[in-house]
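K.L.:
Below are the structure tokens for one structure; questions will follow.
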Amino acid sequence: MGLFFFVFFIVSSYIILVQFAASNPAHLRVNVGDRVSLENLFPDCLSEGLTALVLDGEGKLKFQAGANQKILQQSDSLIADVPGNVNLYLRLFGVIPFKKVTLQVVSPVKVMVGGHSIGVLLNAEGVMVIGYSEIRLKNGSKASPGKDAGLKPGAIILKVEGTAVHSDSQLSYLIDQEARTKKQIRLKIKYKGKVSEVKVKPQFCGETGRYRIGLLVRDAAAGVGTLTFVEPNTKKFGALGHMITASGPEDSWVFQDGRVVSAVVQAIQKGERGKIGEKIGFFGGNDISGKISKNTAYGIFGSLQQQVTNPLFPEPVPVAMSHQVKEGPAMMLTVLNNRTIEAFKVTIETVFSRPRPDGKSMIIKVTDPDLLRRTGGIIQGMSGSPIIQDGKLVGAVTHVLVNDPTKGYGVFAEMMLEEAGLLPGRTGMTPLQERLAV
Numbered sequence: 131m132g133l134f135f136f137v138f139f140i141v142s143s144y145i146i147l148v149q150f151a152a153s154n155p156a157h158l159r160v161n162v163g164d165r166v167s168l169e170n171l172f173p174d175c176l177s178e179g180l181t182a183l184v185l186d187g188e189g190k191l192k193f194q195a196g197a198n199q200k201i202l203q204q205s206d207s208l209i210a211d212v213p214g215n216v217n218l219y220l221r222l223f224g225v226i227p228f229k230k231v232t233l234q235v236v237s238p239v240k241v242m243v244g245g246h247s248i249g250v251l252l253n254a255e256g257v258m259v260i261g262y263s264e265i266r267l268k269n270g271s272k273a274s275p276g277k278d279a280g281l282k283p284g285a286i287i288l289k290v291e292g293t294a295v296h297s298d299s300q301l302s303y304l305i306d307q308e309a310r311t312k313k314q315i316r317l318k319i320k321y322k323g324k325v326s327e328v329k330v331k332p333q334f335c336g337e338t339g340r341y342r343i344g345l346l347v348r349d350a351a352a353g354v355g356t357l358t359f360v361e362p363n364t365k366k367f368g369a370l371g372h373m374i375t376a377s378g379p380e381d382s383w384v385f386q387d388g389r390v391v392s393a394v395v396q397a398i399q400k401g402e403r404g405k406i407g408e409k410i411g412f413f414g415g416n417d418i419s420g421k422i423s424k425n426t427a428y429g430i431f432g433s434l435q436q437q438v439t440n441p442l443f444p445e446p447v448p449v450a451m452s453h454q455v456k457e458g459p460a461m462m463l464t465v466l467n468n469r470t471i472e473a474f475k476v477t478i479e480t481v482f483s484r485p486r487p488d489g490k491s492m493i494i495k496v497t498d499p500d501l502l503r504r505t506g507g508i509i510q511g512m513s514g515s516p517i518i519q520d521g522k523l524v525g526a527v528t529h530v531l532v533n534d535p536t537k538g539y540g541v542f543a544e545m546m547l548e549e550a551g552l553l554p555g556r557t558g559m560t561p562l563q564e565r566l567a568v
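See below:
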């Protein structure tokens, strides 16, 4: 009976460890010069009893004198020495194999910490129909030629007579100009994912003095967010920490590119349970200007035209790899008034060992009394606010919990750097595919 319970205990422990190991990533990064051990790569409950067979290292790790060059014990400490990949084959009790982990040694990256308020202007594919605005005709009747042609809310107008549309003002101008020489104009539209062409007969509107088609439209999204980091040599930046999307009743925009500009925070609308607060501001100043080239699940990325400075962190700081982020105290940088960057205390409550594809890598809680008094916690416009722990950039604020504005999500800085092209990805895989790989 005793032997049975012993075997049962061993098997149960093994199953639990295997399940726990499966939830941890199969690909980890370390910087050249970092200490490498099972203790700092894996949680304590997983590292105990583990050994790792080191293969394909090709001199990437520097072993301590007298250590076995092929077996990494729990007590061993190595130094990541040369960029490249090392395969670690994990074994339980030195015998039972159950997981392969690829250790990617990369050159360290230092960045200028953000915290600056930025205005985000995204160029979208076309202009979206959001409703109808009837035209009053000379005989007193009303008409909506766009509605009569079958255009519905959610339709995206892509082109007018072959000319690509980028803004509502441009659409108004093109319709008026084309209608002065044509009875009908051709519109290229997208609705529910399908692209088609419709013909519309514009009508002259006496109230506006131009030809119209009786639609309400809106163009690309614009808003205030927060800059996360800038790499000083290339001026590559990352911001927001999440994707920007804009959707209508039936369809959604595909953002092609855009710009970031300086923004000023005028006022704060305080958040409360069930109601998200926000920064109220406007675009202004010329200390930040840049081009957006990527809009992804981990933020917006591109290049700035000038260097940025941060009085709280005047020198570049190192970036933590995801396995180096730990639960405990940290600080968040953001702007609450004008352009002044301030630091506030937060606590990283939970770190997800295997990053989620939506970029939610950690749960943070605002603990700073001053920030709670002024904003109620995390509010709109804080997306991208840098999170600093132990002198390293570890992540950025991304979302707030609606039912508890003192808490929110953050994304790992490592993931943002990879999207920005500052860290190498796994060959042949996109960053998102890499996160989903098992």
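All letters in the sequence shown, in the order written, are residues 131 to 568 by our numbering. Virtual Cβ for every residue (Gly too), placed ideally from N, Cα, C.
1. Among R310, L281 and P362, which one has its Cα closest to the Cα of P82?
2. Can you list, in chain order, the stretches of the beta strand (DSSP E) that have 3 or more residues and sit fully within the stretch 479–539?
3. Answer yes or no: do A285 and I319 have a C-beta to C-beta separation smaller than 8 Å?
4. For V212 and L370, I'd like the C-alpha separation in whole angstroms.
5. Taking I343 as the reference, give the member of D349, V496, K229 and L304 with the closest Cα.
6. Is N198 buried or exposed, if buried means 16 or more other CB atoms sit within 10 Å of its CB?
7. Quick one: grab the DSSP three-state call for L433.
8. Does DSSP classify K324 as helix, strand or coil?
9. Helix, strand or coil, according to DSSP, for D306 in the structure here?
10. Taking Cβ positions, are I287 and G256 nearer each other than 8 Å?
11. Could you tell me the distance, in whole angstroms, from the CA atom of V269 to the CA atom of F334?
12. Taking the Cβ atom as the reference point for each residue, do K537 and K495 lie within a distance shorter than 8 Å?
13. Determine the DSSP secondary structure at K289, reduced to helix, strand or coil.
14. Are V118 and I209 touching if we call contact CB-CB under 8 Å?
15. So, for L552: in the same chain, excluding its five sequence neighbours on each side, which residues have a beta-carbon less than 7 Å away from its beta-carbon?
16. Report yes or no: do three or more beta-carbon pairs, one from the stretch 500–512 and one from the stretch 419–438, lie closer than 8 Å?
17. Taking only three categories from DSSP, how would you classify L553?
18. Note the first and the last residue of the continuous alpha helix (DSSP H) segment covering P275.
19. What residues in its chain sit with their C-beta under 6 Å from that of V465, if we drop five residues either side in the sequence?
P.N.:
According to the structure shown:
1. Any question about residue 82 goes unanswered here, given that the chain covers just 131 to 568.
2. Listed in chain order, the complete beta strand (DSSP E) runs (minimum 3 residues) inside the stretch 479–539 are 492–496, 516–519 and 522–531.
3. yes
4. 32 Å
5. For the residues D349, V496, K229 and L304, the minimum Cα distance to I343 belongs to L304.
6. Because the pLDDT at N198 is just 47, under 50, the model does not fix this residue reliably, and the value given afterwards should be weighed accordingly. By the neighbour-count criterion, in which 16 or more other beta carbons inside 10 Å mark a residue as buried, N198 falls on the exposed side.
7. A quick correction: the sequence has Ser, not Leu, at residue 433. Looking at S433 - three-state DSSP - the assignment turns out to be strand.
8. strand
9. helix
10. yes
11. In the sequence as presented, Val is not what sits at residue 269; that position holds Asn. One C-alpha to the other measures close to 12 Å.
12. yes
13. strand
14. This structure gives no information on residue 118, because the portion of the chain shown stretches from 131 to 568.
15. Within the same chain, and ignoring the five residues on either side of L552 in sequence, the residues whose Cβ sits closer than 7 Å to its Cβ are V239, E361 and K366.
16. By the Cβ rule, the stretch 500–512 does not count as touching the stretch 419–438, because fewer than three pairs are nearer than 8 Å.
17. coil
18. P275 to D278
19. S247, V395 and I471
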